[in-house]
Amino acid sequence: MNKKLIGLAVAATLSLSAFSASAEDMYRGAWYGGAGIAAMDTDNDLEAGNGVGPYLSIGKELSRSWDLQGRFGYTETDEDLNLAGSTGEYKSTALELDALYMFSRDRFRPFLLAGVGITRNDLDYRVPGLNVDEEKTSWLASLGLGAQFLINDSFGLQADLRRQFSRAEVANVSNGAYTGSSTETVGNNILSLGGFVRFGAPAPMVAAAAPEPTPAPVAAPAPAPAPECKPEVSTITVGAEKLFGFDKADLKAQGKAALDEAAEQIKANPQITNVIVTGHTDRLGSFAYNQKLSEKRAKQVATYLATKGVSSTVLTSTGRGESVPVVACKGIKNRKALISCLQPNRRVTIEAQVKQEVGCK
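Numbering (the numbering used here), first residue to last: 29 to 389.
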């Protein structure tokens, strides 16, 4: 592998890591599109020099550990036959699909990649008295490593170094003369550097304002109505940070202690007929991801209450995701400040309804 190319890859990765001042979780399941420049160190069998070319890409954050990227690239280099009077070019056009294993979801994101696709290798060499025009459309396989750096929530950089294998018609040179071509498996080293744009996450849902009540018509005095009967509801709200780790659904010891107290309160009132556990999240991350996380957290709390003696027949768990915010935190750009501001939205509520009705005999 070309030592200069390896050096450039290391320098690019170190440059990206130098930007990363702090660990900030920035995963949100986003789509992103990118473009950049790729430098190719060609296989010796191709008898071609090194060259550069553009590439385009589109990707998706599939999970906290995996990205999927589609990539189209074109690279052109001059021939390197070392024959008197020889000219020409080697051209590579590749379309591939890469799986990226992400080691982090902070600003600095190192990864390993593996990809498959299709490529067209085109040799157009000219030697005195002979034109060598060989084209080969072939499978493609890539292995490599790289890193991403998020400048902010919308823009990022990516650098990677990959070994790209394919089949190509190669030129054979012996004793200073062209002796024909043959089909061989070749491996080109490709160093890529580019930028990408992340597409926006769903906007947070804002509850619609209640309509103004219609003024009641003036009526003649009537006998006092019987007391309105409503079920008595007691609500316990516990912050998610007390119950769970950030972006987690496993109960912490501190959270279990708070739930022990809630369980004792519920068991102390035998007239409680319904206990509704509701999970809520902030707006960071995708809407679907937050909905699922809120459901998992609510279920964990309900299950724990059942282990502490609360009858499972009265327990119900549900998740509201990010749809019922307590605070909006508009205009905050710094991610750490935004996470802190949105803390009240990350919560679990426990509503206990009793059989006795207020105002009813």
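Where is the CB? At the ideal position from N, CA and C, for every residue including glycine.
For M54 and S345, the rounded distance between their alpha carbons: 28 Å
Minimum C-alpha distance to L84 - residue among S114, T121, T331, D73: T121
Between the C-alpha atoms of K119 and G145, what's the straight-line distance to the nearest angstrom? Cα to Cα, the separation comes out at about 17 Å.
On a Cα-Cα basis, can you pick out the residue from G116, V342, T147 that is closest to Q398? The shown model of the chain, from 29 to 389, leaves out residue 398, and the question about it has no answer.
Segments of 4+ residues assigned as alpha helix (DSSP H) that fall wholly inside the stretch 264-348: 268-271, 281-295, 315-335
Does the beta-carbon distance from L151 to E197 come in below 8 Å? Yes, these two residues count as a Cβ contact at 8 Å.
Residue closest to D161, alpha-carbon to alpha-carbon, out of E107, N217, L189: E107
Kindly give me the distance between the Cβ atoms of Y317 and G87, rounded to whole angstroms, as I take these residues to be in contact under 8 Å. Not really, about 17 Å apart at Cβ, beyond 8 Å.
Please confirm whether I300 and V342 have their CB atoms less than 8 Å apart. yes
Strictly by DSSP, which residues pair up with M130? DSSP lists F139 as partners of M130.
Can you tell me where the beta strand (DSSP E) with R374 in it begins and where it stops? Element bounds for R374: n/a, residue is neither H nor E.
Taking the C-alpha atoms as reference points, what is the distance between R99 and L125? Cα to Cα, the separation comes out at about 6 Å.
Quick check on DSSP: helix, strand or coil for R226? strand
Helix, strand or coil at A235 [DSSP, three-state]: Any reading at A235 must be qualified, since the residue scores a pLDDT of 46, below 50, and its modelled position is unreliable; the value itself is stated next. Correct three-state label for A235: coil.
Consult DSSP for I360 and reduce its assignment to one of helix, strand or coil. coil
If you draw a straight line from the alpha carbon of P82 to that of G347, how long is it in whole angstroms? Rounded to whole angstroms, the separation of the alpha carbons of G347 and P82 is 46 Å.
Whose C-beta lies closer than 8 Å to the C-beta of L96 among residues of the same chain, with five residues either side of it excluded? G87, K88, L90, L125, D126, A127, L128
Nonlocal neighbours in the same chain, by C-beta distance under 6 Å from D188, ignoring five residues either side: G172, G174, S220
Between the Cα of N216 and the Cα atoms of S114, N110, S132, T105, which residue gives the shortest distance? T105
Using 8 Å as the threshold, is the stretch 323-333 in touch with the stretch 272-279, meaning 3 or more CB pairs across them? yes
Across which residues does DSSP place V382 in a beta bridge pair? Per DSSP, I300.
Spatial neighbours of Q319 within its chain, please: C-beta separation below 7 Å, excluding the five flanking residues on both sides. G347, G349
Let's see if you can read the secondary structure: which residues bound the beta strand (DSSP E) around N159? Start and end: 158-178.
Kindly indicate which residue of R137, E163, E117, D288 has the alpha-carbon position closest to the one of I179. R137
Can you tell me which of E75, V80, N72, W59 puts its alpha carbon nearest to the alpha carbon of A66? Comparing alpha-carbon positions, the option among E75, V80, N72, W59 lying closest to A66 turns out to be V80.
List the endpoints of the continuous beta strand (DSSP E) containing L96. 94-106
Per DSSP, S262 is paired with what? A380
Take the Cβ of N394 as the centre, count every other Cβ of all protein chains shown within 10 Å, and call the residue buried at 16 or more, exposed below. Any answer about residue 394 is impossible in this case: the structure gives the chain only from 29 up to 389.
To the nearest whole angstrom, what separates the beta carbons of L109 and E163, a pair I think is in contact under 8 Å? That pair is no contact at about 18 Å.
Under the three-state DSSP convention, the category N72 falls into: helix
S340 versus R375: straight-line alpha-carbon distance, rounded: Spanning the two alpha carbons is a distance of roughly 22 Å.
Coarse secondary structure for A187, derived from DSSP in three states: strand
Count the other C-beta atoms from every protein chain shown that fall within 10 angstroms of the C-beta of A291, then say buried if there are 16 or more, exposed otherwise. With 16 or more other Cβ atoms within 10 Å, it is buried.
Just checking my contact of V305 with V266 at CB under 8 Å: how many whole Å lie between their CB atoms? The Cβ separation is near 10 Å, so there is no contact.
Does the separation of the CB atoms of L141 and S166 fall below 8 Å? no
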